[in-house]
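Structure record follows, encoded as structure tokens.
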Amino acid sequence: MSLAVTLSRAQEGVSAPQVMVEVHLSGGLPGTHIVGLPEAAVREARDRVRVAIQNAAFEYPNRKVTVNLAPAELPKDGGRFDLAIALGILAAGGQVPREKLDECEFLGELALSGDLRGVSGVLPALLRARARGRRVVVPRANAAEAALVPEADVLVADTLADVCSWLRNAGELALPGQADEGQAVDPGVPDLVDVRGQLQARRALEIAAAGGHHLLLIGPPGTGKTMLAERLPGILPPLGETEALETCAVLSVAGQRVEPSRWRQRPFRAPHHTASAVALVGGGSHPRPGEISLAHNGVLFLDELPEFSRHVLEVLREPLESGHILVSRAARQSTFPAQFQLVAAMNPCPCGYAGDARDRCRCTPDQIQRYRGRISGPLLDRIDLCVEVPRVPLAELGAPRSAYDEDSATVRARVVQARERALARAGRANAEINTRELERDCALGTAERHWFEAALERLGLSARAYHRILRVARSIADLDGGAAVLDRAHLAEALQYRRF
0 MSLAVTLSRA QEGVSAPQVM VEVHLSGGLP GTHIVGLPEA AVREARDRVR
50 VAIQNAAFEY PNRKVTVNLA PAELPKDGGR FDLAIALGIL AAGGQVPREK
100 LDECEFLGEL ALSGDLRGVS GVLPALLRAR ARGRRVVVPR ANAAEAALVP
150 EADVLVADTL ADVCSWLRNA GELALPGQAD EGQAVDPGVP DLVDVRGQLQ
200 ARRALEIAAA GGHHLLLIGP PGTGKTMLAE RLPGILPPLG ETEALETCAV
250 LSVAGQRVEP SRWRQRPFRA PHHTASAVAL VGGGSHPRPG EISLAHNGVL
300 FLDELPEFSR HVLEVLREPL ESGHILVSRA ARQSTFPAQF QLVAAMNPCP
350 CGYAGDARDR CRCTPDQIQR YRGRISGPLL DRIDLCVEVP RVPLAELGAP
400 RSAYDEDSAT VRARVVQARE RALARAGRAN AEINTRELER DCALGTAERH
450 WFEAALERLG LSARAYHRIL RVARSIADLD GGAAVLDRAH LAEALQYRRF
């Protein structure tokens, strides 16, 4: 029989749809034809595969070779199908047995020597294959990444000849090894103990960590806004296994190496203010994840927020609400996760010194208004906490550490307890609870409700702000012991963080 079928997986966003590689040998002029919507890198596989098969001491069929990648409507790109195509050609020609092909999936790019090279997007493919109960053969270069998927049936190979020997029962393939447990907190992350003073900003940072809320820091240059933002990952709860695999899957799709010792750490992304909208949310002719997806389950820090293009900032509005981004192009659509925590920093005016006690600001009211107007109201409405970061007196900077200058470990212990209360109550962070859960978990007494509604009316806040203030108050209550009913102190503190 001159027809053989092998299995592989394509890359579409962070999903990995299965691809059947059908190979048929027939009469006619010798040549190799690949069909099934292949991109240029896949079409070039015919030359890589032919030379790799010959250098692995096999005979390339002197016949017409037709390779069909099904489903035909799914675009295929990259060199990930090389190994599956080569094995299909060898099986169709009777040079390797077919018995193991039906139960395995194959990923890997072939060098001309027959060696296997690593490919991107292996982690999503392994997660899908594990759900289907299939074994996967991957290159040695992807072994560390493959070891992260628990209970996955994975074998690693160095060359095409090694895989063929295994199919013939003449050799064995190696296992990927044990996964590194990884460190939940990067020891290189700056510690909160380095920040002197700024008690209100430290409190807002703790509330943001406890509830997963978005945070805006406003203050003159040199007051510690960036220092505070960089220390947020150090007080966040550690990633669970599922969250860590989701985060690593995005890195894998983006072609970035997953460090085995750091795969459980929350990402921290800080793009420059010259970044384009595509760099921030993802895109390209072959959609790739942007900064908001690379920050999935972590922190996205936007320093000098008004310096970003207004168009760039506006594209953040939808993923801030939905937790994902849909990138649409003429040929395909890709959905990437974007459940990130936004931390932004900005100066109060163009020169940075508005409100300074030494009266150093020389900006006109119109200049200040235009500067702050670069950030739209709908975007600000999606930020839960806004806090001023004033200048710290020099005497306080040089003073010995006080009891209020807590280290990250101490704050993280309180944050973990508060987050556990939220997870036990709703199964998610307070910033992510829906309206029905909000009504259930943010109960108010009659007096508190009347007071709260009157305060909202005076401040002219929107319905979205109403819900967000309640979520912040819920996080404050969780930090204070998890009271079932919110009291006026929780609401008042949450209200003071709506300063825009």
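Numbering (numbering that gives the first Met the number 0), first residue to last: 0 to 499. Ideal Cβ positions, reconstructed from N, Cα and C, are used throughout, including at glycine.
Pairing A169 with E38, the inter-Cα distance amounts to about 35 Å. For S333, the uninterrupted beta strand (DSSP E) run begins and ends at 332-336, by DSSP. Sorting E303, A248, A110 by C-alpha distance to the C-alpha of T273 places E303 at the top. Secondary structure of L231 (DSSP, three-state): coil. Excluding sequence positions up to five before and after E431, its CB lies within less than 7 Å of the CB of G211, all in the same chain and listed in chain order. Between A151 and R129, the gap from beta carbon to beta carbon is short of 8 Å. For the pair of segments examined, the stretch 314-325 was found not to touch the stretch 189-201: the number of CB pairs separated by less than 8 Å stays below three. When the five nearest sequence neighbours on each side are left out, the beta carbons in the same chain lying within less than 6 Å of the beta carbon of I234 are those of A208, S407, V410, R411, V414, in order along the chain. Per the Cβ contact rule, the stretch 102-112 is in contact with the stretch 122-142 (3 or more Cβ pairs under 8 Å). Excluding sequence positions up to five before and after R498, its CB lies within less than 6 Å of the CB of C385, all in the same chain and listed in chain order. In the assembly as shown, D365 is an exposed residue. Its beta-carbon has fewer than 16 other beta-carbons within 10 Å. Annotated three-state conformation of R424 is helix, per DSSP. By the neighbour-count criterion, in which a residue is buried when 16 or more other Cβ atoms sit within 10 angstroms of its Cβ, Y465 is exposed. Beta-bridge partners assigned by DSSP to H323: P336. Scanning the stretch 387-454 from its first residue to its last, the whole alpha helix (DSSP H) runs of 4-plus residues come out as 393-397, 407-425, 434-440.
Between the stretch 450-465 and the stretch 418-432 there are fewer than three C-beta pairs closer than 8 Å, too few to call the two in contact.
In its chain, beyond the 5 residues on either side, D114, L115, P138, R139 have a beta carbon closer than 8 Å to the beta carbon of D157. Boundaries of the beta strand (DSSP E) harbouring Q17: 17-25, taken from the DSSP string.
Using a Cβ distance threshold of 8 Å, A55 and A110 do not count as a contacting pair. Here DSSP, grouped into helix, strand and coil, assigns H32 to strand.
T363 counts as exposed, since fewer than 16 other C-beta atoms from the protein chains shown sit within 10 angstroms of its C-beta.
Residue burial annotation: E98 is exposed, with fewer than 16 other C-beta atoms found within 10 angstroms of its C-beta.
Contact annotation: Q10 and V252 have beta-carbon atoms nearer than 8 Å. The beta carbon of S112 sits closer than 6 Å to the beta carbons of N54 from its chain, once the five residues preceding and following it are set aside; these are given in chain order.
Apart from the 5 residues on each side of it in sequence, L341 sits with its Cβ closer than 6 Å to the Cβ of H213, L299 in its chain, given in chain order.
Closest in alpha carbon position to S327, among V20, G283, A44, is G283.
For the pair of segments examined, the stretch 368-386 was found not to touch the stretch 242-261: the number of CB pairs separated by less than 8 Å stays below three.
D114 sits in a strand when the DSSP states are folded into three classes. The continuous stretches of beta strand (DSSP E) do not include A56, and DSSP gives it neither H nor E. Under DSSP, the beta-bridge partners assigned to T5 are V20.
In summary, Q368 is exposed, with fewer than 16 beta-carbon neighbours lying within 10 Å of its beta-carbon over all protein chains present. For P288, the three-state secondary structure derived from DSSP is strand.
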